[in-house]
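Shown next, in structure tokens, is the structure this report addresses.
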Amino acid sequence: MLIRCTAKLLKEIGFTNSNLADSTPAESTLGEWYANLFFAQRKRCIIFTNARTLFTFISFDVNRAEVRNNLGKLFRTGLGKALLDEDFDGALIQRLVNECSRLQFARTKDRSILGVMVDHVKNTKWMLMHYGGLAKADYSRIIKQLNRTPFLTKEFTYSIEELRKVSGVRFSTSSRTFADSL
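In our numbering, each residue carries its 1-based index in the sequence shown increased by 947.
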């Protein structure tokens, strides 16, 4: 699986061109991911966004050592937790996380995905302030709200709906959104 990192994140990791993938790895169910480093209330956070679905999750308040040495683990843990919070089946979560066992890193190439990530970071910072800061915020709630933000690039669908389509999960009435009831 390929994670396309911004220059800011690559610098934090300490990667050079020789560390980056020069070919696209075998296709996985979810495809490529994008990752960026941002700071919220002076704490490092990493946002991960799926290129195919725009499904997003964030690793909040990570330290430099975690970013440099365990980015793959942060990704797999965050993906598993985000899918679990969205009520995905345990077997499907395990399969999707297992597809991420061999990660490769490359530079970003799609500015529209970076634009989505910038919007998500702005919304996240606002929600963190609204919910009382990093110490009090419900991270799962923030991530769920981000994944229920419609984007023009996906014809105003929600990224959680796109993820369910790509992964072959049928919609249940409990996972339907407000827009579905209109």
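Think of the CB as a built atom: it goes at the ideal place given N, C-alpha and C, for glycine as much as any other residue.
Computed from a predicted structure; not experimentally measured.
Could you give the distance in angstroms between the alpha-carbon of residue 1034 and the alpha-carbon of residue 1046? 19 Å
What did DSSP end up calling residue 1010 once you bin it into helix, strand or coil? coil
Can you look up residue 1120 in the DSSP assignment and give me helix, strand or coil? Bear in mind that the predicted position of residue 1120 carries a pLDDT of just 42, short of 50, making it too unreliable to give a figure here.
Using a 10 Å radius around the Cβ and a threshold of 16 neighbouring Cβ atoms, would you call residue 980 buried or exposed? buried
Is any heavy atom in the ligand COA found nearer than 6 Å to the beta carbon of residue 949? The model on display carries no ligand, and the ligand COA is accordingly not part of it.
Rounded C-beta distance between residue 1098 and residue 1063? I'm assuming under 8 Å. 6 Å
Expected contact under 8 Å - CB spacing of residue 1051 and residue 957 to nearest Å: Not a contact, Cβ separation roughly 13 Å.
For residue 1027 and residue 992, I'd like the C-alpha separation in whole angstroms. 17 Å
To the nearest angstrom, report how far apart residue 1056 and residue 1116 are at their CA atoms. 29 Å
Which residue marks the beginning of the beta strand (DSSP E) containing residue 983, and which one marks its end? 980-987
With distance defined between alpha-carbon atoms, name the residue in 995, 1013, 1036 nearest to residue 1094. 995
Spell out the partners DSSP gives residue 997 in its beta bridges. 980
What is the DSSP secondary structure of residue 949, reduced to helix, strand or coil? strand
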